[in-house]
Structure formats: C-alpha cells, structure tokens
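> Quick note on UniProt numbering: the sequence shown kicks off at 1 and runs consecutively.
Note that CB positions come from ideal geometry on N, CA and C, so glycine has one too.
Take this structure first; my questions come after.
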Amino acid sequence: MVKYVLHYFKVHGRGESIRLAFKLAGVDYEERNFEFADWPKFKPTFPTQQVPALEVDGQMICQSKAILRYLAREFGFYGKTSLDAAFIDQALDTIEDMWSELNVVFHGPPESRPERMERFLKDVVPPIYATLERLLAQEQAGEFFVGNSITAADLFFFTAVDMANHISKGANTLEKCPKLSALKERIAANPKIAAWLAVRPPEATF
1 MVKYVLHYFK VHGRGESIRL AFKLAGVDYE ERNFEFADWP KFKPTFPTQQ VPALEVDGQM
61 ICQSKAILRY LAREFGFYGK TSLDAAFIDQ ALDTIEDMWS ELNVVFHGPP ESRPERMERF
121 LKDVVPPIYA TLERLLAQEQ AGEFFVGNSI TAADLFFFTA VDMANHISKG ANTLEKCPKL
181 SALKERIAAN PKIAAWLAVR PPEATF
C-alpha cells in the first residue's frame, strides 16, 4: 500500500483540492501541518521550497497542480482518454488564472486589500467565470467539466470558488452564473465530499 503524506499549512488554500481528491477516492493519507510562523524553518526541507508537498513512499512532489494531476491519474479522475485529459488541463489552467489573481489579493499590503478585492471581483472573476461556463457547456452532458463524473478540474474549481467566496467575506461570487453554481452544488452533494465538508476545519482568516 502506498503511503501518502501531505505537508501544508493549517488552511484550505492550495492544499484543499488535494484533500478532496483523497476523500473522493477513499484513500487514506497522513497530513503534517505547520504554522506560518514556522515556515522559515521548514522551507529548506522541500525541493522547490514551496508547499503543498506530497510524499509518496518517501519521494517528495511539490507544486499543487502537479500533485493534483498525479493523484487524478492514480485515482481515475483524469478522464478516459488523452483528449479528456487535455480538456481537464484546459479547465485547470483557466482556473489557475483566477487563483493567481487571488494570490495578488492575499499577499499585497493589507491597507490596500479592499481595493485589490474590488478589482478582483469586478475585473477578474466575471470573464473567467464566463469562460468556465463556456467550457462547461461544451461537455455534452453539461454536468461536469469533462465526462459524467468529477475530475481534477471540478475539484480545483470547487476549491477556487470557495476561496474566492471566503476572501469576499462570504459573498456568493457565482450568483450570476447558474451553470457553475449548479456544478458546485453537484460536487458538494457527492457523499464522500459532503462527509469531508461536514467535518473539515474552517478556513483561516486572512
């Protein structure tokens, strides 16, 4: 049996889609968390000096989407064909465009965060959500980004929207996107994911 160890902060962040993949697959893993204040001590121990990082039988993988893609392949959440995988990557990279802007909101000066948040909600979210709705509409069934079951793209989408809503102080950023809103509800309704959502710690306050 493969031993998985996830290293990350005590937040949802970029680690949450990885946790969701484990929960959806029903695969056990160990998680080792640390505080932000302790990061300088742990940082040199990771190959890219970044987290999340995943140990797989003692071998370390860094970069959140590399980890998610690896797990998706292992657990069957990466489509059935190479073309499916390309469409999943297309959605993942589109969502990453939004996540990169979330990083700008997080990490800039605290005093100007309200202005960055306003720009994010006004200028970043609408076009990316519009693109994601078009990608969702391309799928014949229209229930998930690719195929008729949850893939890595859906997990990353769920996590990104959760984070956008969180830093928007609870605002529903999907309010004007009925198809994406329904997708998020379908993901949350999966019994294994719902069980995790019911017990996971709340997101940290930034």
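Write down every uninterrupted run of the alpha helix (DSSP H) in the region 43–124 whose length is 4 residues or greater and which is fully enclosed by it, in chain order.
Those alpha helix (DSSP H) runs which fall completely within the region 43–124 and span 4+ residues are 64–75, 82–107 and 113–119.
> What whole-angstrom Cβ distance do GLY78 and ILE88 have, given they're in contact under 8 angstroms?
Taking the sequence shown and counting its residues from 1, one reaches residue 78 at position 78. Taking the sequence shown and counting its residues from 1, one reaches residue 88 at position 88. Strictly speaking, residue 78 in this sequence is Tyr, with Gly absent from that position. The Cβ separation is near 6 angstroms, so the contact holds.
> Please check the pair LEU180 and GLU139, which I expect to be a contact at CB under 8 angstroms, by giving their CB distance rounded to whole angstroms.
For the purposes of this step, residue 180 is identified with residue 180 of the sequence shown, where counting begins at 1. For the purposes of this step, residue 139 is identified with residue 139 of the sequence shown, where counting begins at 1. That pair is no contact at about 13 angstroms.
> I'd like the list of long-range same chain contacts for residue 211, defined as Cβ closer than 7 angstroms, with 5 residues on each side in sequence excluded.
As shown, the chain starts at 1 and ends at 206. That puts residue 211 outside it, with no answer to give.
> Among PRO44, GLU143, LEU155 and PRO191, which has the Cα closest to the Cα of PRO178?
Walking along the sequence shown from the start, residue 178 turns up at place 178. Residue GLU143 is the option with its Cα nearest to PRO178.
> Which residues in the same chain as ALA171 place their Cβ atom closer than 8 angstroms to its Cβ, once the five residues preceding and following it in sequence are excluded?
Within the sequence shown, numbered from 1, the residue matching residue 171 stands at position 171. Hits under 8 angstroms: LEU121 and ASN165.
> Please classify ASN190: does DSSP put it in a helix, a strand, or coil?
Within the sequence shown, the letter at position 190 stands for residue 190. Here ASN190 sits in coil by DSSP.
> Going straight from the alpha carbon of GLU185 to that of ALA130, what length do you get?
Here residue 185 refers to the residue found at position 185 of the sequence shown. Here residue 130 refers to the residue found at position 130 of the sequence shown. Straight-line Cα distance between these residues: approximately 18 angstroms.
> Could you say which of ALA86, PHE36 and PRO40 lies nearest to GLY147 if we only look at CA atoms?
Mapped onto the sequence shown, residue 147 falls at position 147. Nearest C-alpha to GLY147: ALA86.
> DSSP on ASN165, reduced to helix/strand/coil?
In the sequence shown, the residue the question calls residue 165 occupies position 165. Here ASN165 sits in helix by DSSP.
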